[in-house]
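Residue numbers (the numbering used here): 82 to 364. The structure appears right after this line, and notes come after that.
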DNA sequence: GCCCAGGAGTGTG
DNA sequence: CACACTCATGGG
C-alpha cells in the first residue's frame, strides 16, 4: 500500500533520528524504515508531503502512521506558543519539523526501561535483539516488537542473552506486572496517576516514567528530565535541584505542551555538545 | 584500553 | 532531602 502523508511540518531525520524511537533506520536514499504494529513502513521525503509505503497488516497503514506522528497536533500553534519564551525561540526555529511521536505503549515502556545507563546505539541493539528473538517475523530481517505475552515467555537467561545486563530482571518482572494490570487500563489514567503507577514498576524511576507517559501514552504535559535536560535547565534557566523541583518548574513554565519544549531543549543541548566536540577535535 | 552512557535501587548522613 | 555507591556491557 502506498499513500501520501499529509502531516506538516515533519522532518523525518529530526523526528526519527535521535533518541525518541529506537527501531527506525535511515536508508542510503534518505528514506526511513520502521515497524508499526505488524507492518513494515517506509517513508520518504517528497515535495508534496511524505510518501509512505507499507506492507499489509491488521489495521490500515494510514491511521497507523497518522497516529504515530500525532497528526492532530497543531505543531505550528504549539511552536508559536512555546516560541514566546525567548529561551526556547531559537530551538523552535531550528527544529521546526521535529514532532513528538506516539509509540506503542508496551514497546515504549520496555525501550525506556532498557535506556537506563546506556547510550543510544546500545539501546537500539538491545531493542532489536528483543524483536528478533521474541517478536514475529514480518519480512527480511524485520520483526514486530514482541507483545507482553511473547516477551513474557522469555526466561531471564533468554533476556540476558539479548545483552540487557541487569535490566533483564526489570523487563522480566515488568512482563508479569503488566500481564496483571493490563496496559490499556494504564492508558485511561490522567498523567499524574499514570506516572505514579509506572514508577511502581521495577526499573522505572521518574525519568523513565515521564518518557513513557510522553512517547508511549501521549501525555504531552510530561517533561522527562535526563542529564541533557538537567544541563539545559541549569544553563538556560538557572534552575537546579531535585527532579521534583525541576519538574514543577517545567510544568509552570511550559504547561500542557511541556513535552515539546523538552524535545527542543534536548536537541539543542545535544547539537551544542556535538558542535563543541567537533570544534575541539578540529583544533 | 579507557570512558561513559536519554538512570534506578539501595543505603547512609 | 542530599549524596554515594553499585548495577552489566558495549559503543565511541
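Each residue gets a CB set at the ideal place from its N, CA and C atoms; glycine is no exception.
Best match in the options for proximity to residue i [C-alpha to C-alpha]
{"i": "residue 218", "options": "143, 260, 272, 120", "result": "120"}
{"i": "residue 348", "options": "101, 90, 86", "result": "101"}
{"i": "residue 336", "options": "351, 108, 302, 216", "result": "302"}
{"i": "residue 199", "options": "308, 110, 339, 84", "result": "308"}
{"i": "residue 232", "options": "220, 253, 242", "result": "253"}
{"i": "residue 259", "options": "109, 191, 127", "result": "191"}
{"i": "residue 85", "options": "112, 125, 132", "result": "132"}
{"i": "residue 139", "options": "118, 226, 204", "result": "118"}
{"i": "residue 134", "options": "123, 225, 209, 278", "result": "123"}
{"i": "residue 69", "options": "179, 188, 242, 221", "result": "As displayed, the chain neither begins before 82 nor continues past 364, which places residue 69 out of reach and without an answer."}
{"i": "residue 126", "options": "136, 91, 148", "result": "91"}
Residue span of the alpha helix (DSSP H) that contains residue i, given as start and end
{"i": "residue 278", "result": "272–280"}
{"i": "residue 172", "result": "167–175"}
{"i": "residue 330", "result": "324–335"}
{"i": "residue 240", "result": "237–242"}
{"i": "residue 96", "result": "93–98"}
{"i": "residue 255", "result": "248–262"}
{"i": "residue 192", "result": "186–195"}
{"i": "residue 23", "result": "Limits of the chain in this structure are 82 at one end and 364 at the other, which puts residue 23 out of reach."}
{"i": "residue 310", "result": "308–318"}
{"i": "residue 160", "result": "156–163"}
{"i": "residue 296", "result": "No alpha helix (DSSP H) contains residue 296, which DSSP labels as neither H nor E."}
{"i": "residue 179", "result": "Element bounds for residue 179: n/a, residue is neither H nor E."}
{"i": "residue 143", "result": "142–149"}
{"i": "residue 288", "result": "287–292"}
Contact belief for residue i with residue j at Cβ below 8 Å, rounded distance in angstroms
{"i": "residue 330", "j": "residue 320", "result": "5 Å"}
{"i": "residue 290", "j": "residue 280", "result": "5 Å"}
{"i": "residue 207", "j": "residue 245", "result": "6 Å"}
{"i": "residue 184", "j": "residue 255", "result": "Not confirmed; about 16 Å, so no contact."}
{"i": "residue 296", "j": "residue 156", "result": "In fact, because the Cβ distance is near 16 Å, the residues do not count as touching under 8 Å."}
{"i": "residue 98", "j": "residue 89", "result": "Going by Cβ atoms, the distance from residue 98 to residue 89 rounds to 18 Å, so no, they are not a contact pair."}
{"i": "residue 346", "j": "residue 313", "result": "4 Å"}
Which residues DSSP lists as bridging residue i, in chain order
{"i": "residue 81", "result": "Examination of residue 81 is not possible in this model, given that the chain is present from 82 through 364 alone."}
{"i": "residue 224", "result": "218"}
{"i": "residue 115", "result": "122"}
{"i": "residue 351", "result": "Answer by DSSP bridge pairing: none, since residue 351 is not bridged."}
{"i": "residue 107", "result": "113"}
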